[in-house]
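Before any comments, here is the structure.
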Amino acid sequence: MEQTLPYRWDLLLRYRFIECIALWEGRLTTRHLVETFGIGRQQASKDINTYNRTVAPDNLRYDKFLKGYEPNAAFKPTVTRGLAEEYLQLLANRSELHRTFSSVALPQGNTEVLAPPIRPVSPELLRPLLQAAREQQRLEVDYVSLNNPNREGRIIAPHTLVWTGTRWHVRGWCEKNQGFRDFVLSRFRGTPELLGPTTQCSDDDQDWHKTIEIILKPDPRLSEEQQDVVAKDFGMNQGQLCVIVRARLANYLLQLLNIHTGEALSDPKAQQVIIANRADITAWLF
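In this text, residue positions in the sequence shown follow full-length UniProt numbering: the first is 1, and each later residue adds one.
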């Protein structure tokens, strides 16, 4: 059960971080806290010990082989809800983690943030995926899709978790298709089985490392005044916006921005924005 009191704001954040990393990565070290929160190793060790003695007694145990703390078999979330979304959100906002967290409570009034529904992901699924990506291993797991709703075994070598703005994917090598593919996390079934080292890793995924430029412009069917509104909405410069993105993520970005990639919509006010260099990026759209 998630609890917030009687801990100070900065301590609560660190306790939640400790619980989240231990639960989902299966290994926690003082280095995690030192690098994330900019605190000393002694303070990090004190935070972990306080968490394990007072906040959530015996939730963690030290493993000499791992050289870190791992969750006990009876681990029970105490300052988090134990949801994968909490850990994944840390990944999605990792750049924000380098900012200071030691200020007083952040203002929350007069603000409402819309969030997509949480898609369930179990620890039993996420931990092996993270381990396989971290250690460059293959794993076997069942997967379903709209084209094949029946469970089908896949052997993959994941290398990167991807947040599309609406759901989480994992990018990796697929032995069935003999190529790198995107897999939706919530469509895996069962518990993955690690199979050992892979010969296919992120460095071999050429499409992943390729970046492209997408040039967006207001729909020319709009009036000049309407085009100006759209240009300012998107922060365009001289009537266009140039976005650099990984080629394999281009389609997800356009979906997130609600930019139609097919035939132009009949209503320009619904279309609003067009892709000015469509011919250059067609190969990356789906």
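Glycine included, each C-beta is placed from N, C-alpha and C at the ideal position.
In this structure, Trp168 places its C-beta atom within 8 Å of the C-beta atom of Leu88. Taking every protein chain shown into account, the CB of His32 has 16 or more other CB atoms within 10 angstroms, so this residue is buried. Taking all protein chains in view, the Cβ of Ile244 is surrounded by fewer than 16 other Cβ atoms within 10 Å, so the residue is classified as exposed. Note that the C-beta distance between Arg189 and Val144 is below 8 Å.
Here Gln131 carries a helix assignment [DSSP, helix/strand/coil]. Three or more beta-carbon pairs drawn from the segment 267-284 and the segment 213-227 are found closer than 8 Å, and the two stretches are therefore classed as touching. With contact defined as three or more Cβ pairs closer than 8 Å, the segment 147-155 and the segment 111-126 are not in contact.
Inclusion of Gln137 and Leu194 in the CB contact set at 8 Å is warranted, their separation being smaller than that value. Relative to Leu216, the option among Ala92, Tyr252, Ile259 whose CA is nearest is Ile259.
Asp58 is the residue among Lys64, Ile156, Asp58, Leu265 whose C-alpha sits nearest the C-alpha of Ala73.
Beta-bridge partners assigned by DSSP to Ile214: Val243. A direct Cα-Cα distance of roughly 24 Å separates Leu91 from Val55. Distances from the CA of Arg154 to each of Glu140, Pro120, Ile212 were compared; the closest alpha carbon is that of Glu140. Asn52 counts as buried, since at least 16 other C-beta atoms from the protein chains shown sit within 10 angstroms of its C-beta. Beta-bridge analysis with DSSP links Val162 to His169.
Rounded to whole angstroms, the gap between the alpha carbons of Asp207 and Gly172 is 12 Å. When the five nearest sequence neighbours on each side are left out, the beta carbons in the same chain lying within less than 6 Å of the beta carbon of Arg119 are those of Arg167, Ser186, in order along the chain. No Cβ-Cβ contact shorter than 8 Å links Gly82 with Arg27. Straight across, the Cα-Cα distance linking Thr198 with Glu175 is about 11 Å. A residue is called buried once 16 or more other Cβ atoms fall within 10 Å of its Cβ, and Asp63, having fewer, is exposed.
Proximity to Glu25 across Thr160, Pro123, Tyr7, Thr261 peaks at Pro123, based on C-alpha coordinates.
Burial state of Cys242 is exposed, judged by a 10 Å Cβ sphere holding fewer than 16 other Cβ atoms.
Within the segment 21-100, the runs of beta strand (DSSP E) that reach at least 3 residues and sit entirely inside it are, in chain order, 60-63, 68-71. DSSP places Pro268 inside the alpha helix (DSSP H), whose first and last residues are 268-271. The Cβ neighbour count for Thr211, taken over all protein chains shown within 10 Å, is under 16; the residue is labelled exposed. As far as DSSP is concerned, Asp228 takes part in no beta bridge. In the DSSP assignment, Gln137 falls within the unbroken beta strand (DSSP E) covering 137-143.
Leaving aside the five residues that flank Pro218 on each side, the residues in its chain whose CB is nearer than 6 Å to its CB run, in chain order, Gln227, Val230, Ala231.
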